Structure formats: C-alpha cells, structure tokens
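Each residue of the sequence shown is one higher than the last, beginning at 136 in the numbering used here.
Backbone N, C-alpha and C define an ideal beta-carbon position, used for all residues, glycine too.
Predicted model only: the values in this text are computed from it and were never measured.
Accompanying notes for the structure given below.
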Amino acid sequence: MENRSIFKNISPLDHRYYQSNRELFDKLALYISEEAGISYCTRAEIALLKTHIEMQEQGNSELMQSLEGLEKKVDPELVYQEEEKTQHNIRALVNVINSLVSDKLKPYVHMGATSVDILDTANSMKMRDVTRRVILPILLELQDHLIRLSKDNAAVPQVGRTHGQHAVPITLGYTFAEYLSRLGQSIQEIDRLSKDQRGKLAGAVGGYNATSMISSDPFKMEEIYLDYLELKPSEYSTQMVEPEYLLRLLLEYNTAFGIIANLADDLRHLQRSEIDEVREYFSATQVGSSTMPQKRNPWNCEHVKSLWKAFAPRVMTFYMDQISEHQRDLSNSASARFQADYIAGFAAAVNRMNKILKGLTVNESKLMENLLVQGDMVLAEPTYILIAMAGVNEGHETVRKATLKCNETGEKLYEVLQKDSPELWGKIKEQLKKVTGMDAQEFYDKPELYRGKTVEKTLLLVERYKEVSKNIREGLNANR
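Dropping the structure here:
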C-alpha cells in the first residue's frame, strides 16, 4: 500500500479539514471512504450468498459458517487491481470474492444480481449507517448545547432585531430557542429518513427477470436478501433503487446545514464590536490578525458559514441524479461519488458549531446596555396597543409622532407622552394596570419587562427537545 503525505492531497477535506477533525473523519471513513464502499458492496454480495444457501441449500450451516470473516478477506487493493483488468468495479469485486469462497459456493456468487442491486443496496446501508452512527450523534450534541444555552439564558434580556434595527425586547434564551426548534425538527426528519433507505434485488431493469429463473417467488427472495442487511425493498425499482429515498435524506441534511449556517451568521453579528453580546472562545495563544494584535475575530462562525457556501450548492447535483434515461444510464456515476465530500463538509461544520457553542460566553451587561440604548423607545408597540385598548383612535400615529420628538429632544417616550398628552397618559397607566397589574413608571423604567411569553416559550421548547433527544438516542442505541 502506498504511503504519502496528507499535504500532497488535492482536496482540503483530506489535509486541512482532516487535521482539525481527525476523530470525526476517522469515524466517517468507516462508512463513506472508498474502502468502506467496497466493504459495503462485499456485505451485499455475502447477503446474496446467504440467500442462495438458505433457498437452494436448505440453510446449510457449514456453508453459512464458511462466510464468516469473508468481508475482512476482501482487500480493496486487490479489487482495484482486478478492476484494471475488467474495467468494471462490481465484476472485479465478484472475481475477488469468487477466489475466496469454496467451490460449492462459486456458482452462487452474484447469481441473479445486477451491479446496481449491489451498489444501490450498499449505498443505502452506507447512508443509513453514517447518518445513525456519526451524523445524528453530533447533531444531537449540538442540540444539547442549544438546550443548555436556551435554558441558562431563558430570562436574560436582549433586544429583538428586525432588518438590523432594534424592535422589541426578547431574551437571549429565546434567540437560542429559535435554532433549537428549527434544528430539532430537522434532526427528527433526518432520523426518520435514515430509517427508510431501501435496497433491491430486482435485476437489470427491475423486473425480477433473473431471479425468476432462480425462485418461483422472487419477491420473497428479495426480502430474504434484504433482511440480512436490515433493509426494506424499494417500492418500485428500475435497475436502480428509486433515487428519492436518498434524495430526501440528503435534502434534509442540507436543510440542517442551512439552519446551522444561519445560527453561525447570527452569532457572528452578535460578536461585532459595537454589539458584543456573545463571544467565541479565544485561547491565550490565538492570533486574530497578522497585523492588528487586538483583534478577536469570530472566525469559527465565519468558517461554518463558509463551509455552507461551499457545499450547499451541491444540492443541485442531488436533484440532477434523480434523472436517469429509461431503466438506467451512468450519468450519476461520477457525481454520486462526491456525496461523500458533502457529508464530510457538513459533518465538519456541525463539529465546528459544537466547538463554538461549547465555549460561547455571554456578555449580560452589554445585552442590557444594547436593549436600553434607545431608552424606552422599544416600548412604542405596547404604548400604541394600550392606547387602542383604551378605545382611543389613531394610537399608532400618536406614538409615531412622539418617537420622532424623542429623537429630536432626547427625551424618553413616557416623558413626551406625560407632557404633551396628560389625559392620554392617564389612560395608558390605567389600561396597563388593568391588563398586567404593573405600575406605568416601573414598566417604562424597565423596558426588559416587556418580553411577552419568551421565557415560557423557551422553557417549553427546552423540555420538548430534551424528550426528542432522549427518544432518538434510545433508537440509535437500540440499533447498535
């Protein structure tokens, strides 16, 4: 086997991103590397041999036992050497397997199958396993961080923002709860779709032509074959498994990727010098700029967004791989190989976001300072609603004009209303007391009290997704 420096590799996934994600990428390699691909195809061929033994040899235990350890004996390098001769990857694998089994089993190797019965079935196993053993665990770790940040900051005041402008008060926990909910829904869908990857043993055009020469019940034969691999048969297959099973899973990956990129972008903006509400961890030896020693750039968040920019557009090839001429062509043979790159890029982004959230610090004093930067102007909304609830028309316009005066004079909103509209101010006080039981002076002195049900909603979502995480983890552990 050739040894070479990883720094001679062309793809940054194989040097830069491998270096920063060694443990993660080594796990991914068990499922989506070229070696793993050959291993999964070997498992599919072994399952076919077991099916023949069960159906043609009455489940002969000696023959079944002879297959133990076969997968480990198939050397990927030998398969590649054989492919140089055959110019066909599955025939090369079949030839290697044929050289390793007994004479009794040789006629059964690959019998009744076409290449894609093996390839698509192997790919479904591969996608199921990498999702359930690598991707879902790191996504659940990310969800755990969001649960913690949502809960710990459920009542920490923050100003809400729309169009980059201050809106009305919320809480920092509620900000995190947005991503807890969005990502949590996507994780549930990834979990569901990963359990519905399909296989096939339906032959060259999906019509069970070949297996009809072997069994009077080729549907049953397909079920036996796939049972060994813990898969269900595709509802309708051509030479290929229907592409939508895989497509939907990859699209949900991409949905989760977009949610994580959105979170990274929000966190990056909250780290701006003039906002400074949260901070990524910054080590004692870390350098923010090659020329400005004071810089503490939010580079990890930027990195996550950049990975999303690099890999999200590849979703177009996932859609394009839906299309195959008639029962099959080879137009997805190259493009589908790069699904592994996409999975690695997505996993690297999730891993990086886990690192960000684990070390994230919250600047509560700056959160309050930002909320109060316009004084009680963030209470313009409840003020106009209180006026309207008191039966006064044009409440919105009255408050709008009052805010303009506040901008001119620097006065507080309640001061302008008290001075210019004493009668109206009296109605505001009365209505506020009636609805909330609060004193008007306290309410306008503490705009953070106007936070709706953000705390309660945050805590509801925390409890919901704690239960979701528990249920998914139990399912993952049950399948190990």
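task = Inspect the beta-carbon positions of S250 and R333 and report whether they are closer than 7 Å.
result = Within the sequence shown, residue 250 is the residue found at index 115, counting from 1. Within the sequence shown, residue 333 is the residue found at index 198, counting from 1. No; because the gap between Cβ atoms is not below 7 Å, this pair is not in contact.
query = What is the DSSP secondary structure of T186, counted as helix, strand or coil?
reply = As a first step, residue 186 is located in the sequence shown; it is residue number 51 there, counting from the start. Here T186 sits in helix by DSSP.
inquiry  = What residue range does the beta strand (DSSP E) around V340 cover?
reply    = Within the sequence shown, numbered from 1, the residue matching residue 340 stands at position 205. Run containing V340: none; DSSP gives neither H nor E here.
inquiry  = On the CB-based measure, 16 or more other CB atoms within 10 Å of its CB, does L281 come out buried or exposed?
reply    = In the sequence shown, residue 281 corresponds to position 146, counting from 1. Its Cβ being crowded by 16 or more others within 10 Å, L281 is buried.
inquiry  = What I want to know is whether the C-beta of N195 ends up closer than 6 Å to one or more non-hydrogen atoms of the ligand FMN.
reply    = Looking for the ligand FMN in the displayed structure turns up nothing, as the structure carries no ligands at all.
inquiry  = Based on DSSP bridge pairs, tell me the residues matched to H301.
reply    = Mapped onto the sequence shown, residue 301 falls at position 166. DSSP output for H301 lists R296 as bridge partner(s).
query = Hey, how far is the Cα of K588 from the Cα of E550?
reply = Taking the sequence shown and counting its residues from 1, one reaches residue 588 at position 453. Taking the sequence shown and counting its residues from 1, one reaches residue 550 at position 415. One C-alpha to the other measures close to 27 Å.
inquiry  = Measuring CB atoms only, is the stretch 312-325 touching the stretch 278-292, in the sense that at least three cross pairs come out at less than 8 Å?
reply    = yes
query = Start and end of the alpha helix (DSSP H) containing A484?
reply = Position 349 of the sequence shown holds residue 484. Per DSSP, A484 belongs to the alpha helix (DSSP H) from Q474 to G494.
ask   = Quick one: any contact between the stretch 496-515 and the stretch 403-414, if contact means 3 or more CB pairs under 8 Å?
value = yes
query = Run through DSSP, which three-state label would R608 get?
reply = Walking along the sequence shown from the start, residue 608 turns up at place 473. In the structure shown, R608 sits in a helix (DSSP, three-state: H, G or I).
CA nearest to the CA of V590, picked from P433, A312 and A248 = Stepping through the sequence shown from its first residue, residue 590 is reached at position 455. Of the candidates P433, A312 and A248, the one whose C-alpha sits nearest the C-alpha of V590 is A312.
request  = Helix, strand or coil for P368, going by three-state DSSP, please let me know.
outcome  = In the sequence shown, counting from the first residue as 1, residue 368 sits at position 233. Strand, per DSSP.
query = For L244, which of H223, A257, L254 and L228 has the nearest alpha-carbon?
reply = In the sequence shown, the residue the question calls residue 244 occupies position 109. Going by the sequence as given, residue 244 is Val instead of Leu. It is L228.
query = Just to confirm, are A484 and L514 a CB contact at a threshold of 7 Å?
reply = Indexing the sequence shown from 1 puts residue 484 at position 349. Indexing the sequence shown from 1 puts residue 514 at position 379. The answer is no: Cβ separation not under 7 Å.
inquiry  = Measuring straight from C-alpha to C-alpha, what distance separates K601 and I607?
reply    = Here the question's residue 601 lines up with position 466 in the sequence shown. Here the question's residue 607 lines up with position 472 in the sequence shown. Computed Cα separation, rounded: 10 Å.
ask   = Once you ignore the five residues that flank M190 on each side, which residues in its own chain have a CB closer than 8 Å to its CB?
value = Walking along the sequence shown from the start, residue 190 turns up at place 55. The residues are I349, S350, M356 and I359.
ask   = Per DSSP, what kind of secondary structure is R178 in: helix, strand or coil?
value = As a position in the sequence shown, residue 178 is number 43, starting the count at 1. Helix.
ask   = Closer than 7 Å, CB to CB, is R151 near chain D or not?
value = Although the question refers to chain D, the structure presented lacks it and comprises just one protein chain.
task = Measure the alpha-carbon distance for R463 versus D456 and round it to whole angstroms.
result = For this step, residue 463 is matched to residue 328 along the sequence shown. For this step, residue 456 is matched to residue 321 along the sequence shown. C-alpha separation (whole angstroms): 11 Å.
query = For V527, does the three-state DSSP call read helix, strand or coil?
reply = To locate residue 527, count along the sequence shown from 1; it is residue 392. Note: V527 maps to coil in three-state DSSP.
Own chain, CB closer than 7 Å to K493, minus 5 neighbours either side, in chain order = Numbered from 1 along the sequence shown, position 358 holds the residue referred to as residue 493. Contacts found: H280.
ask   = From L385 to G610, what distance separates their C-alpha atoms?
value = Your numbering for residue 385 matches position 250 in the sequence shown. Your numbering for residue 610 matches position 475 in the sequence shown. So the two alpha carbons sit approximately 20 Å from each other.
task = Go through its chain and collect everything with a Cβ distance to A290's Cβ below 8 Å, but skip five positions before and after it.
result = By one-based count along the sequence shown, residue 290 stands at place 155. Cβ within range, chain order: T306, G308 and V590.
task = May I ask which residues mark the beginning and end of the alpha helix (DSSP H) holding E558?
result = As a first step, residue 558 is located in the sequence shown; it is residue number 423 there, counting from the start. From DSSP, the alpha helix (DSSP H) with E558 extends over P557 to T571.
task = Please name the residue or residues paired with V497 in a DSSP beta bridge.
result = Against the sequence shown, residue 497 aligns to sequence position 362. In DSSP, V497 forms a bridge with V413.
key: Residue burial classification, F473 (beta-carbon count within 10 angstroms, cutoff 16)   = For the purposes of this step, residue 473 is identified with residue 338 of the sequence shown, where counting begins at 1. Classification of F473: exposed, given that the 10 Å Cβ count is below 16.
task = Tell me where the alpha helix (DSSP H) around D326 begins and ends.
result = Here residue 326 is taken as the residue at index 191 of the sequence shown, counted from 1. Per DSSP, D326 belongs to the alpha helix (DSSP H) from L307 to S329.
Contacts around I225, its chain only, beta-carbon distance under 8 Å, and the 5 residues preceding and following it disregarded = Taking the first residue of the sequence shown as 1, we reach residue 225 at position 90. Contacts found: C176, H245, S250, I253 and L254.
request  = In angstroms with no decimal places, state the Cα-to-Cα distance between K562 and A525.
outcome  = Taking the sequence shown and counting its residues from 1, one reaches residue 562 at position 427. Taking the sequence shown and counting its residues from 1, one reaches residue 525 at position 390. In a straight line, the C-alpha of K562 is about 6 Å away from that of A525.
ask   = Cβ atoms of N435 and R383: under 7 Å apart, would you say?
value = Residue 383 sits at position 248 when you count from the first residue of the sequence shown. Residue 435 sits at position 300 when you count from the first residue of the sequence shown. Not closer than 7 Å, so no.
message = In the DSSP output, which residue or residues are listed as bridge partners for R333?
response = Reading the sequence shown from its first residue, position 198 is the one you call residue 333. According to DSSP, R333 bridges with K367.
key: Own chain, CB closer than 6 Å to D264, minus 5 neighbours either side, in chain order   = Taking the sequence shown and counting its residues from 1, the one referred to as residue 264 is at position 129. Once the five neighbours on either side are set aside, the close Cβ partners of D264 are Y166.
query = When the Cα atoms are used, what is the spatial distance from S500 to A471?
reply = Here residue 500 refers to the residue found at position 365 when the sequence shown is read from its first residue. Here residue 471 refers to the residue found at position 336 when the sequence shown is read from its first residue. In a straight line, the C-alpha of S500 is about 50 Å away from that of A471.
ask   = Since A164 is in the alpha helix (DSSP H), which residue starts that stretch and which ends it?
value = Taking the first residue of the sequence shown as position 1, residue 164 is located at position 29. Taken as a continuous stretch (DSSP letters only), the alpha helix (DSSP H) holding A164 covers R157 to I167.
request  = Express the C-alpha separation of A399 and N156 in angstroms, rounding to a whole number.
outcome  = Taking the sequence shown and counting its residues from 1, the one referred to as residue 156 is at position 21. Taking the sequence shown and counting its residues from 1, the one referred to as residue 399 is at position 264. Computed Cα separation, rounded: 19 Å.
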